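To start, the structure itself, in structure tokens.
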Amino acid sequence: MPNRIQRLFGVTYPVVQAPMTYIARAELAAAVSEAGGLGVIETLTEEGRTDLARVRALTDRPVAANLMIQGWKRDPSIVDVLAAAGVRHVFTSAGDPRLFTDRLHDAGITVVHVVGSLSGARKAADAGVDALVVEGIEGGGFKSALAASTMVLLPLVAEHVDLPLIAAGGICDARSAAAAVVLGAEGVQMGTRMLASREARVHANFKDAIVAADDAGTVLLDIPGNPTMRVLRTGLAARIAEHDGTPLLGRITDLYFSGNLEASVANTGQVSSRIAAIQPVADIIHTTWTQAHAMLNAAAERLT
2 MPNRIQRLFG
12 VTYPVVQAPM
22 TYIARAELAA
32 AVSEAGGLGV
42 IETLTEEGRT
52 DLARVRALTD
62 RPVAANLMIQ
72 GWKRDPSIVD
82 VLAAAGVRHV
92 FTSAGDPRLF
102 TDRLHDAGIT
112 VVHVVGSLSG
122 ARKAADAGVD
132 ALVVEGIEGG
142 GFKSALAAST
152 MVLLPLVAEH
162 VDLPLIAAGG
172 ICDARSAAAA
182 VVLGAEGVQM
192 GTRMLASREA
202 RVHANFKDAI
212 VAADDAGTVL
222 LDIPGNPTMR
232 VLRTGLAARI
242 AEHDGTPLLG
252 RITDLYFSGN
262 LEASVANTGQ
272 VSSRIAAIQP
282 VADIIHTTWT
292 QAHAMLNAAA
302 ERLT
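Just remember that my numbering sits 1 ahead of the position in the sequence shown, which is counted from 1.
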């Protein structure tokens, strides 16, 4: 029987692609949705918003969009843009969920909010969201330096908030998906694993750096005047970690699409150390969820 996340999105596998700015574009989102998961389009860039319509030429399956509240809080017209594009599921993040949840619901859109704390989860639940992405500090990108790991945060939220949960941070395969289920999730979200896929339109240098990373391969940069971010400990980020003083974001598109690891910092999660190869999205999604059952059965045998 499908669980609550599968029913909410109408997907075969409750596996969600993270809404990475510049990267969560039509080709990647369509590949994820065609494989039975839920692809997500970013909306901060003009190209991303154009892809809300373009993705429909690539798949007729459910595709979601991301709405970063801080970026759109002064322009609620984004709700009209999403509704006109036929978007039925929106992942809100980086801000107060009360600002957009009612507007999105009025437009017939399901709302999933991304949280990194129990207080954030409670606030989102009070705002009336339909589900949560619970993201631990091991995930890539913007983070709170005081946040908890997925191992701590996910069961904490599950114990106190009665909403369908999607685990994020440290998820890349069946083993980590099975662990997320035990901790209270009904779905998983993956960013770094999707970056290291054939369909991700980022430069091979970025993908190869993810595959090459070890368990000390990322760093949480917490530099005054800049957002705290988890990034690959390579290129520019390695120098910044030694207090170089270079601006954090730099020319991020040059890193993503030209492969210049000195141009900026590469938002990447700690799970990069567990990614050993570039794989097709369909293989990643199918094995992540279907083999999770085998992982859970093997764990049950070890308990006897």
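Note that CB positions come from ideal geometry on N, CA and C, so glycine has one too. Given the structure is predicted, the values throughout are model-derived calculations rather than measurements.
- Taking C-alpha positions only, ARG104 is separated from VAL158 by approximately 25 Å.
- Between LEU196 and ILE42, the gap from beta carbon to beta carbon reaches 8 Å or more.
- Separation of the CB atoms of VAL91 and ILE110 is rounded to 5 Å, and the pair is thereby assigned contact status at 8 Å.
- Rounded to whole angstroms, the Cβ separation of VAL113 and ALA126 is 12 Å, and the two are not in contact under 8 Å.
- Comparing alpha-carbon positions, the option among HIS106, GLU35, ILE79, LYS74 lying closest to THR51 turns out to be ILE79.
- The three-state reading of DSSP puts HIS114 in strand, counting E and B together.
- Partner residues in a beta bridge of LEU262, as assigned by DSSP, do not exist.
- Our two residues, ARG89 and ALA66, have alpha carbons roughly 8 Å apart in a direct line.
- Within the same chain, Cβ atoms closer than 7 Å to the Cβ of GLY38 are found at VAL12, TYR14, VAL16, VAL17, GLN18, ILE286, the five residues on either side in sequence being excluded.
- Rounded to the nearest whole angstrom, the C-alpha separation of LEU221 and GLY236 is 15 Å.
- By alpha-carbon distance to LEU256, the top candidate from ALA293, VAL203, VAL189, PRO98 is VAL203.
- The Cβ atoms of ALA179 and LEU155 lie no closer than 8 Å to each other.
- Excluding the 5 residues flanking it on each side, ILE279 has same chain C-beta neighbours closer than 8 Å at ALA197, SER198, ARG199, LYS208, VAL212, in chain order.
- Proximity to VAL130 across ASP163, VAL153, GLU302, ASN298 peaks at ASP163, based on C-alpha coordinates.
- VAL232 places its beta carbon less than 8 Å from that of ASN268.
- Per DSSP, reduced to three states, the secondary structure at ILE42 is strand.
- ALA293: member of the alpha helix (DSSP H) spanning 282-303, first to last residue.
- Between GLU139 and GLY270, the gap from beta carbon to beta carbon is short of 8 Å.
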